[in-house]
Structure formats: structure tokens, C-alpha cells
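For reference, the structure discussed in these notes is given below.
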Amino acid sequence: MKHIVDIKDLSGTEILSIVKRALYLKKSRVVPRTLDRKYVVTAFFEPSTRTKLSFQRAALSLGAKVIDLAPDTSSMLKGETELDTLLTIEAMDVDAIVIRTRRNGDPAKFSKHLQIPVINAGDGTNEHPTQALLDITTMYEHYGKFNLRVAIVGDINHSRVARSLTEALAKLGGSVIFCGPEEFIPKSFPDVSLITTDLQEAISNVDVIYALRIQKERIEEVYDNIEEFFKNYQINESNLEMAPKHAILMHPGPFNRNVEVSDGVVYSSRSRILDQVRNGVYSRMAVLEKATGAYEYESIQSIEKFVVI
Ligand code: CP
Numbered sequence: 036m037k038h039i040v041d042i043k044d045l046s047g048t049e050i051l052s053i054v055k056r057a058l059y060l061k062k063s064r065v066v067p068r069t070l071d072r073k074y075v076v077t078a079f080f081e082p083s084t085r086t087k088l089s090f091q092r093a094a095l096s097l098g099a100k101v102i103d104l105a106p107d108t109s110s111m112l113k114g115e116t117e118l119d120t121l122l123t124i125e126a127m128d129v130d131a132i133v134i135r136t137r138r139n140g141d142p143a144k145f146s147k148h149l150q151i152p153v154i155n156a157g158d159g160t161n162e163h164p165t166q167a168l169l170d171i172t173t174m175y176e177h178y179g180k181f182n183l184r185v186a187i188v189g190d191i192n193h194s195r196v197a198r199s200l201t202e203a204l205a206k207l208g209g210s211v212i213f214c215g216p217e218e219f220i221p222k223s224f225p226d227v228s229l230i231t232t233d234l235q236e237a238i239s240n241v242d243v244i245y246a247l248r249i250q251k252e253r254i255e256e257v258y259d260n261i262e263e264f265f266k267n268y269q270i271n272e273s274n275l276e277m278a279p280k281h282a283i284l285m286h287p288g289p290f291n292r293n294v295e296v297s298d299g300v301v302y303s304s305r306s307r308i309l310d311q312v313r314n315g316v317y318s319r320m321a322v323l324e325k326a327t328g329a330y331e332y333e334s335i336q337s338i339e340k341f342v343v344i
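Take a look at the structure:
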């Protein structure tokens, strides 16, 4: 049993083993029923489309039964706390719980009280580890290597995805650039090779352009420079010209059409956005197996020995 609440919970070789297993499961005609007779609960205290549904799809494919907590119709409306709600669910003899919260650090805090594996499906501006795992899987699937140059563009300060992805790429030899308006980029950040407000400088020599939306739900002050944002940072056909021809476009979703990505590029041949969604199912299958101990992972000694069969 293993909680997966942030990327720090996983070593580089554990990330490799999840990528390998995800790509194996994607290729398998018959998905193994490794979670047969297990119960997986999704408890999302913040809205989600792709993370919640792909975890549910992943668990069902592996043979588990899925129970979804709907906070808006739960006894939380009568004053019960999130932790007491989770302890109540655990007492119903379930096997794993996937949690999304608005507050940073809540999944880690809850995991200290729960005996079943806790998987973080995104907490505030802190971490979104399974998004990073599906992103790394998508990058590897496209390039067949991990030492990639990735420019993350947009609202980085409010992004849990940027944090988890940067940390995961650093463990695998990737290199990350941050780019956005001053209001949205940190002054410094561990493992980031360049932080810039200049899109051309950021994307002129990268393998991946990773666009982020403005995360309005996490911004306290009003951001009224939207015109500047899409003039200088929108990824569109014209701005893509500044990137190498081979560079692909990724975005964790949900995206705001014609704000951070234009209609013309969002589902273009360079976009891997729907591949990310597809790979989310397989990566989350691998994560559920890892967290519950349902599958004995082979030990990958080093990145040089990494082979997908
Ligand atoms: N990328 C992501 O977390 O999307 P959802 O909010 O739809 O789950």
C-alpha cells in the first residue's frame, strides 16, 4: 500500500515503472483484472471532468467497483468535515480513495489519518502528480526519450500541474523553461533552467510547448490584462512558427479556447491534448495498481535500462 500525494512520493525509477506499465496497458488487448473485487472511491471536493472520469474508467477497466462521493449532496452540507467524511467512507471497507481538494496539502494531511491508499487528484496550487505522470507518458510515447526541453507557458504561479511536471521531468533528466506575464511567473524555481516573459526566447528551442490557462478560481486579485495575455502568450498558428517544427503542443485541460490556445492549434496535427486525455486512463490504471499493491512492479534500475515492451 502506498499513498501517492505528490511527486516526491515517487523515485525516478518508480516514475519509469508507471510509464512503462501505462504504455503496456494501453497496448494490451485484454486488460488484466488486477483490481477485481476492490472498491475505489472518488472524492472530489473541487470540480473535475478528465481526472475524475479517467480514474473511474481506469478502476472499472481493472475490475474494481467505483463509488463516487458527491460532496454537494453529502452530509457535509450538515456540517461534517472533509476528514470525517473520508473516515466514514473508509469504515465502509473500501480499498483506495482518490481525492481532489481546494486547499493545498489536504490529501497529504488526510493520508496521515487513513489506512487505505490516498491518491492526490490535485490540491489547490500545490500538486497534481497523476497529471505529471500522464504528461510524461505522453511525451515518452511521442519522443521515445525523457531528456526533453519543455516550455511551460501561462499562469504558472497558480498551477499545481507546473509544479508536479517540473519536479517529475527533473527526476528524468528533462529541462524546463517557465514563460508568462510577470504576474504569473515566479522569480525563481527549483530545477527550472530559464524563467522569462519573452515567448520567443522560451519556445525557440524546445520539444514541447505546454500551455496553461489562467486559473481564475485560484486568483484573489482581478487580472485585467487579458488582451496582453493573448497578444503575447496565446499559442496560435503564428506563435507556433517561433518553435522548432518538431515541437508538440500540450495542455492539461480544461482549456479556454482563443485565450491561451487558439482554435487553429488546439486539435491540430501538433497537438497532443487528446492523447494526454487518453493516456490519463492508462497512467491512472498504473497508479491505482501501484497504490493498492495490486501489481508487482519490476524494478527498473536506471533510465538507460528503460524499455517499453
Ligand atoms: N487536467 C485536469 O485536472 O482536468 P480536470 O480538472 O478536468 O480534472
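Position one of the sequence shown corresponds to residue 36 (the working numbering), numbered consecutively onward.
Backbone N, C-alpha and C define an ideal beta-carbon position, used for all residues, glycine too.
**Asked** Around the C-beta of Asp71, are 16 or more other C-beta atoms found within 10 angstroms, so that it is buried, or is it exposed?
**Response** exposed
**Request:** Hey, could you find the ends of the alpha helix (DSSP H) Asn314 is sitting in?
**Result:** 308 to 327
**Message:** Quick check: what's the CA-CA separation for Ala205 versus Gln311?
**Reply:** 20 Å
**Asked** Between Val133 and the rest of its own chain, which residues show a CB-CB distance below 6 Å, the 5 nearest in sequence each way excluded?
**Response** Thr77, Phe90, Ile154, Ala156
**Prompt:** Any chance the CB of Lys251 is under 7 Å from a heavy atom of the ligand CP?
**Reply:** no
**Message:** Going by DSSP in three states, Ile132 sits in which element: helix, strand or coil?
**Reply:** strand
**Prompt:** Where does Asn271 sit, in a helix, a strand or coil, going by DSSP?
**Reply:** coil
**Asked** Is the Cβ-Cβ distance between Ser194 and Leu149 less than 8 Å?
**Response** no
**Environment of His286 [buried if 16+ CB atoms lie within 10 Å]** = buried
**Request:** Tell me where the beta strand (DSSP E) around Ala78 begins and ends.
**Result:** 74 to 79
**Message:** If distances are taken between C-alpha atoms only, which option among His163, Lys340, Asn291 comes closest to Ala203?
**Reply:** His163
**Asked** What is the DSSP secondary structure of Glu176, reduced to helix, strand or coil?
**Response** helix
**Request:** Helix, strand or coil for Ile212, going by three-state DSSP, please let me know.
**Result:** strand
**Prompt:** Any heavy atom of the ligand CP closer than 7 Å to the Cβ of Ser194?
**Reply:** no
**Message:** Between Tyr268 and Gly189, how many whole angstroms is the CB-CB distance? I'm expecting something under 8 Å.
**Reply:** 6 Å
**Prompt:** If you run the structure through DSSP and keep just helix, strand and coil, what is Ile344?
**Reply:** coil
**Message:** I need the boundaries of the beta strand (DSSP E) containing Ala246, first residue and last residue.
**Reply:** 243 to 246
**Message:** Let me confirm a value: Ala237 is counted as buried when at least 16 other C-beta atoms fall within 10 Å, else exposed. Which label applies?
**Reply:** buried
**Message:** Taking 7 Å as the cut-off, is the beta-carbon of Ser83 closer than that to any non-hydrogen atom of the ligand CP?
**Reply:** yes
**Request:** Leaving out five residues on either side along the sequence, give the residues of the same chain with a beta carbon under 6 Å from the beta carbon of Val129.
**Result:** Tyr74, Val76
**Request:** Tell me Ala186's beta-bridge partners as DSSP assigns them.
**Result:** Ile212, Ile244
**Asked** Across which residues does DSSP place Lys100 in a beta bridge pair?
**Response** Tyr74
**Prompt:** Does DSSP put Ser30 in a helix, in a strand, or in coil?
**Reply:** As shown, the chain starts at 36 and ends at 344. That puts residue 30 outside it, with no answer to give.
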